[in-house]
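Trainee: Below is one structure. I have some questions about it.
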Amino acid sequence: MTFDGDIHVFRTFPHMHSYGKELWTTLYDDVANTSKVISYKQFWNFHFQDTLMELNVTIKPNDWLSTHCVYDVSSPFLFHSLLGTDMSIFPIGS
């Protein structure tokens, strides 16, 4: 996705399904060649999800985001479960 101006992010809702254990999103500044973790959920619990209201980040036109997800698939992976499959997303509010 490309854009012409800054995007101010004030809210995020990191989300994974039941096999998720940890997730974080990193903001990369392509111009300054720096990176910063902007959201981190060390102990993910599908049954206790919250919206991180305290996020206050500006994304500039050449910046990019990378979301990292850790799963525990040591138990049998049930494709026929209610959720159908496992996934992770990092929606933002701007």
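For any residue, its number in this note's numbering is found by taking its place in the sequence shown, counting from 1, and adding 38. C-beta atoms are modelled at their ideal positions from N, C-alpha and C, and glycine is treated no differently.
Taking just the CA atoms, how far does D101 sit from I45?
Mentor: 10 Å
Trainee: I'd like the list of long-range same chain contacts for D110, defined as Cβ closer than 7 Å, with 5 residues on each side in sequence excluded.
Mentor: So the list reads Y57 and K59, once near-sequence residues are dropped.
Trainee: Nearest to L65 by CA position, among S113, V108, L103 and S112, is which residue?
Mentor: L103
Trainee: Compare the C-alpha of C107 against each of S73, D67, T63 and R49 and name the closest.
Mentor: T63
Trainee: Could you pull out every residue in the same chain whose Cβ sits closer than 6 Å to the Cβ of V95, ignoring the five residues on either side in sequence?
Mentor: If we look at V95 and ignore the five residues flanking it on each side, its Cβ neighbours are V47 and I76.
Trainee: Express the C-alpha separation of I97 and G43 in angstroms, rounding to a whole number.
Mentor: 9 Å
Trainee: Contact defined as beta carbons within less than 8 Å: I believe F86 pairs with M54. What is the distance between those atoms, to the nearest angstrom?
Mentor: Wrong, their Cβ atoms sit about 12 Å apart, outside the cutoff.
Trainee: Return helix, strand or coil for D67, following the three-state DSSP convention.
Mentor: strand
Trainee: For P52, does the count of other Cβ atoms within 10 angstroms reach 16, so buried, or fall short, so exposed?
Mentor: buried
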